[in-house]
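Chemist: First the structure, which I've put down as structure tokens, then a few questions once you've had a look.
Chains as they are written, first to last, in this note's numbering: chain A, 857 to 1423; chain B, 29 to 260.
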């Protein structure tokens, strides 16, 4: 490390850097910190659910108002301050330039601004807990009129309204969008303009494709929500009535604007992690990615379909019943490209030479858990069954079975895979396996039984079920306790990871240059890559997945190896 | 014991049956997929295999299996859509014969019940409104109860788990839904859309009674409210 310190001070190197790798790591560290905050909130309200009325260790008593705020901000954090920065920004910033063989992002200063605005948004979000009235507690979907003043935090005083939990949350989300938009523009411009010589579109690794498709979906869908968020802010602060039916507004307007963004957002979060799988599965199967081109086409198809499904969140909201059928069909259709992508990954395994190293464990765990998450979506995509299941724990369990593997298994797979790249060190694989198995077991302990609570009619966002005879009985209360104990186990298991991370950084366990024998360009540079990444810049001759080529003695052929047949 | 709460409505069984149908598809897909995922990890372990096969999957004959799986998924999805379609229409539309018409109005934090009064018509001066926490909505069994659902303030959601019915109550609009309960009893109404501090306490009941008991209830209710109505 010491030789890197010569040129720049700590501040210019680690805090105000414009280097894409540093920015990627900044996003990752902030995302991990926010995951800690989100996890703590989850611990507090899960403890309350399992042991109602008891004082919560490391918190105290939890009132209904705090409970509502905690579930709300937990959801917000995990989607916008963990999923987005870690999957899109950290992966995108760290990987795009180095995997397309260039020195940096197209707009490094914009990139630095993006991460600073993101930091500001996180500060504002956390600050919202400490203003009078506390953080917003109306669910992460922020449905007005509840969120639109007059009912919760609204104050006729302009400044008090501006500094209410609701307004601060809207502001924080808006700034987060600004940060992500800057990042998204950078992704696209960089990928279009700065690819290494020879890297034609069909030689771009899947993860780079997917990060860009995710950025496009995000940019396409976020506009309406930003407009909607401004109206919501005005309703709160200026006393307008965009969502107030007594003054000509309509709460349904927000639901459409929110979900027009909210559902595509799911794919913004999913695609980067699917990209991670596309890089890891072939490496540990020593086999080309199955149906590479088809996978890209399927992802493009899913991007198109992603904006045609949003109202499946509103089946019981009072929309026209005939419209629901349209969105049911859209939901059915969008399951097809994703099923195709997952099946292609599984097909990659067949005929391979598989080693279950730590990144591969996370990748396979991801696919297995997502299988449950995806298939339980079939129940909810059915508008008729959704009449019953909507807003119950069945939905909660379903989306945690999609988003948890997506965000955390995807992140850990990537982290264990690329850690040697960004640190030059080798993580302890034994601790990595412990981390995986404990996370896997506790995650299932946490969410599997909650499907049954949902089917029993347990509705969401309730801090005290004592009024509800269907829920406050056995075995559902025991299931709640198993879930909470698993949640605590899940959080504690992450300390194995933290210990592994920090102790490895402080150790001298140097990693070899290409520890997984991968074909992609990032492994050609030093670990950690110096400023500028490559010297000389690589030239690309082949696709990203040339494993076990028939006429080559080695079982992997990097992208910069000339192809005697084609060139 | 059943994984669902007891069904007491005419259309609830169709929703429960739909669940089992989807579960059959899902369970089949799950176990097949799990096999496709786990089996190669053992069969093609690096301990047993010298070198991986070079298969890009770009050829049609290789992708054939995935195409078959996707077509199977699409078909089962459309079977589900076909099967559920009539139930959806049944629940979401108003039955031609309404035996009882009432209004249910949500507010922070209670369900308000409006009975039509002796004339049986809502929106007239003899309507009787009950706004008490933990109160019960009395309904006769084996009758189509058609209700107008509204909200006074924020979005709430009417959930009667034993009938499988859920519907959001939005301020500014009236949604008409119905149910028909076949078994006498007292069933929880809950609010499933987060609506504030006492969201967790927004619990009332539907009290399903025999037609005679219901008649007795409404007679005494309307009699008790007569003087107030007359003085208006």
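Quick reminder that beta carbons are idealized off the backbone N, C-alpha and C, glycines included.
Every value quoted in this text rests on a predicted model; they were computed, and no experiment measured them.
In whole angstroms, what separates the C-alpha of residue 1022 of chain A from that of residue 967 of chain A?
Modeler: The residue you call residue 1022 of chain A lines up with position 166 of the first chain. The residue you call residue 967 of chain A lines up with position 111 of the first chain. Spanning the two alpha carbons is a distance of roughly 28 Å.
Chemist: Which residues bound the alpha helix (DSSP H) around residue 184 of chain B?
Modeler: To locate residue 184 of chain B, count along the second chain from 1; it is residue 156. Note, residue 184 of chain B: premise wrong, no alpha helix (DSSP H); beta strand (DSSP E) at 184-188.
Chemist: List, in order along the chain, the chain B residues whose C-beta lies closer than 7 Å to that of residue 1320 of chain A?
Modeler: For the purposes of this step, residue 1320 of chain A is taken as the residue at position 464 of the first chain. Ordered by position in chain B, the residues that pass the 7 Å Cβ test against residue 1320 of chain A are 228.
Chemist: Taking the alpha carbon of residue 965 of chain A as the point to measure from, which residue in A:902, A:878, A:1336 has its own alpha carbon closest?
Modeler: As a working note, residue 965 of chain A is residue 109 in the first chain. When only C-alpha atoms are compared, the closest one is A:878.
Chemist: Let's test the definition: count the other Cβ atoms within 10 Å of the Cβ of residue 1330 of chain A and tell me whether it reaches 16, buried, or not, exposed.
Modeler: Within the first chain, the letter at position 474 stands for residue 1330 of chain A. That one is exposed.
Chemist: Would a C-beta distance cut-off of 8 Å place residue 162 of chain B and residue 126 of chain B closer than the cut-off?
Modeler: Position 134 of the second chain, counted from the start, is the residue given in the question as residue 162 of chain B. Position 98 of the second chain, counted from the start, is the residue given in the question as residue 126 of chain B. No, the pair does not count as a contact, with Cβ atoms beyond the cut-off.
Chemist: By Cβ distance, which residues of its chain are closer than 6 Å to residue 1117 of chain A, with the 5 residues on each side in sequence left out?
Modeler: Position 261 of the first chain holds residue 1117 of chain A. If we look at residue 1117 of chain A and ignore the five residues flanking it on each side, its Cβ neighbours are 1077, 1078, 1081.
Chemist: Taking residue 1031 of chain A and residue 980 of chain A to be in contact with their CB atoms under 8 Å, please state how far apart those CB atoms are, rounded to whole angstroms.
Modeler: As a working mapping, residue 1031 of chain A is identified with position 175 in the first chain. As a working mapping, residue 980 of chain A is identified with position 124 in the first chain. The pair is a contact, with the Cβ atoms about 7 Å apart (cut-off 8 Å).
Chemist: According to DSSP, simplified to helix, strand and coil, what is residue 1164 of chain A?
Modeler: Numbered from 1 along the first chain, position 308 holds the residue referred to as residue 1164 of chain A. DSSP places residue 1164 of chain A in helix when its eight states are reduced to three.
Chemist: Which same chain residues end up closer than 6 Å to residue 991 of chain A when comparing Cβ atoms and leaving out the 5 residues on each side of it in sequence?
Modeler: Counting from 1 along the first chain, the entry for residue 991 of chain A is found at position 135. Excluding positions up to five away in sequence, the list reads 925, 929, 984, 985, 1021.
Chemist: Keeping to the same chain, check which residues put their C-beta closer than 8 Å to that of residue 1376 of chain A; ignore five residues upstream and five downstream.
Modeler: Translated into positions along the first chain, residue 1376 of chain A becomes position 520. 955, 1061, 1135, 1400, 1414, 1415, listed in sequence order.
Chemist: Once you ignore the five residues that flank residue 198 of chain B on each side, which residues in its own chain have a CB closer than 7 Å to its CB?
Modeler: The residue labelled residue 198 of chain B in the question sits at position 170 within the second chain. Here the set comprises 179, 183.
Chemist: Would residue 1340 of chain A be called buried (16 or more neighbouring beta carbons within 10 Å of its own) or exposed?
Modeler: On the first chain, position 484 is the one that residue 1340 of chain A refers to. Flag for residue 1340 of chain A reads buried.
Chemist: Can you find a C-beta in chain A that's less than 8 Å from the C-beta of residue 193 of chain B?
Modeler: By one-based count along the second chain, residue 193 of chain B stands at place 165. Taking Cβ atoms only, chain A reaches closer than 8 Å to residue 193 of chain B, which makes this a yes.
Chemist: Hey, out of A:1184, A:1096, A:1283, A:1221, whose CA is closest to residue 1258 of chain A's CA?
Modeler: Position 402 of the first chain, counted from the start, is the residue given in the question as residue 1258 of chain A. Nearest of A:1184, A:1096, A:1283, A:1221 to residue 1258 of chain A, Cα basis: A:1221.
Chemist: Skipping 5 residues on each side, what residues in its chain have a beta carbon closer than 8 Å to that of residue 94 of chain B?
Modeler: Against the second chain, residue 94 of chain B aligns to sequence position 66. The answer is none, since no qualifying residue turns up.
Chemist: Checking contacts by CB at 8 Å: is residue 1211 of chain A closer than that to chain B?
Modeler: Position 355 of the first chain, counted from the first residue, corresponds to residue 1211 of chain A. Yes, residue 1211 of chain A counts as interfacial toward chain B.
Chemist: For the stretch 910-931 of chain A, enumerate the residues whose C-beta is nearer than 9 Å to any C-beta of chain B, in chain order.
Modeler: So the close ones are 919, 920, 921, 923, 924, 927, 928.
Chemist: In or out: residue 112 of chain B buried (at least 16 other Cβ within 10 Å) or exposed?
Modeler: Indexing the second chain from 1 puts residue 112 of chain B at position 84. When all chains shown are included, residue 112 of chain B counts as buried.
Chemist: Counting beta carbon pairs with one atom in the stretch 117-134 of chain B and one in the stretch 191-211 of chain B, are three or more of them shorter than 8 Å?
Modeler: Touching, per the Cβ criterion.
Chemist: Are at least three pairs of beta-carbons, each pair with one atom in the stretch 79-93 of chain B and one in the stretch 140-159 of chain B, less than 8 Å apart?
Modeler: Verdict: no, contact absent.
Chemist: Is it buried or exposed, residue 39 of chain B, if we count other Cβ atoms within 10 angstroms and call 16 or more buried?
Modeler: Here residue 39 of chain B is taken as the residue at index 11 of the second chain, counted from 1. Label assigned to residue 39 of chain B: buried.
Chemist: Where residue 145 of chain B and residue 210 of chain B are concerned, what is the direct C-alpha to C-alpha distance, given to the nearest angstrom?
Modeler: To locate residue 145 of chain B, count along the second chain from 1; it is residue 117. To locate residue 210 of chain B, count along the second chain from 1; it is residue 182. Between residue 145 of chain B and residue 210 of chain B, the C-alpha separation is close to 24 Å.
Chemist: Is it right to say residue 1354 of chain A is buried, meaning 16 or more other beta carbons lie within 10 angstroms of its own, or is it exposed?
Modeler: Translated into positions along the first chain, residue 1354 of chain A becomes position 498. Counting Cβ neighbours within 10 Å, residue 1354 of chain A comes out exposed, since fewer than 16 surround it.
Chemist: Please name the residues in the stretch 88-109 of chain B whose beta-carbon is closer than 8 Å to at least one beta-carbon of chain A, in chain order.
Modeler: Cβ contacts with chain A come from 90, 91, 93, 94, 97, 98, 101, 102, 105, 106, 108, 109.
Chemist: Whole-angstrom Cβ separation of residue 216 of chain B and residue 1326 of chain A, contact assumed at under 8 Å?
Modeler: Residue numbering aside, residue 216 of chain B sits at position 188 when the second chain is read from its first letter. Residue numbering aside, residue 1326 of chain A sits at position 470 when the first chain is read from its first letter. Contact flag correct, Cβ pair sits at about 6 Å.
Chemist: So which of A:1168, A:1085, A:993 has the shortest CA-CA distance to residue 844 of chain A?
Modeler: With chain A covering only 857 through 1423, there is no way to say anything about residue 844 of chain A.
Chemist: Compute the beta-carbon to beta-carbon distance between residue 140 of chain B and residue 1241 of chain A, rounded to the nearest angstrom, for a pair I have assumed lies under 8 Å.
Modeler: One-based indexing of the second chain puts residue 140 of chain B at position 112. One-based indexing of the first chain puts residue 1241 of chain A at position 385. That pair is no contact at about 29 Å.
Chemist: Of all the CB atoms in chain A, is at least one closer than 8 Å to the CB of residue 131 of chain B?
Modeler: Numbered from 1 along the second chain, position 103 holds the residue referred to as residue 131 of chain B. Not closer than 8 Å to any Cβ of chain A, the Cβ of residue 131 of chain B fails to qualify, so no.
Chemist: Rounded to the nearest angstrom, what separates residue 867 of chain A and residue 1297 of chain A at their Cα positions?
Modeler: Reading the first chain from its first residue, position 11 is the one you call residue 867 of chain A. Reading the first chain from its first residue, position 441 is the one you call residue 1297 of chain A. C-alpha separation (whole angstroms): 41 Å.
Chemist: Would the stretch 1139-1150 of chain A count as touching the stretch 232-244 of chain B if we require 3 or more Cβ pairs under 8 Å?
Modeler: Contact fails: fewer than three Cβ-Cβ distances are below 8 Å.
Chemist: Buried or exposed, going by whether 16 or more other CB atoms sit within 10 Å of the CB of residue 1478 of chain A?
Modeler: Residue numbering for chain A in the displayed model covers 857 to 1423; residue 1478 of chain A lies beyond these limits and cannot be assessed.
Chemist: What's the gap between the Cα of residue 1129 of chain A and the Cα of residue 128 of chain B?
Modeler: Within the first chain, numbered from 1, the residue matching residue 1129 of chain A stands at position 273. Within the second chain, numbered from 1, the residue matching residue 128 of chain B stands at position 100. Those two C-alpha atoms are separated by around 53 Å.
Chemist: Given that residue 1317 of chain A touches chain B, what residues does it touch there, using C-beta distances under 7 Å?
Modeler: The sequence position of residue 1317 of chain A within the first chain is 461, counting from 1. Those are 222, 227, listed as they occur along chain B.
Chemist: Of the residues that make up the stretch 35-64 of chain B, which ones have a beta carbon closer than 9 Å to any beta carbon in chain A?
Modeler: So the list reads 40, 42, 43, 44, 46, 47, 50, 51, 53, 54, 55, 57, 58, 61, 62, 64, given in the order they occur along the chain.
Chemist: Cβ closer than 8 Å: which chain A residues qualify as neighbours of residue 69 of chain B?
Modeler: Here residue 69 of chain B corresponds to residue number 41 of the second chain, with the count starting at 1. By Cβ distance, chain A contributes 1205, 1210, 1212, 1220.
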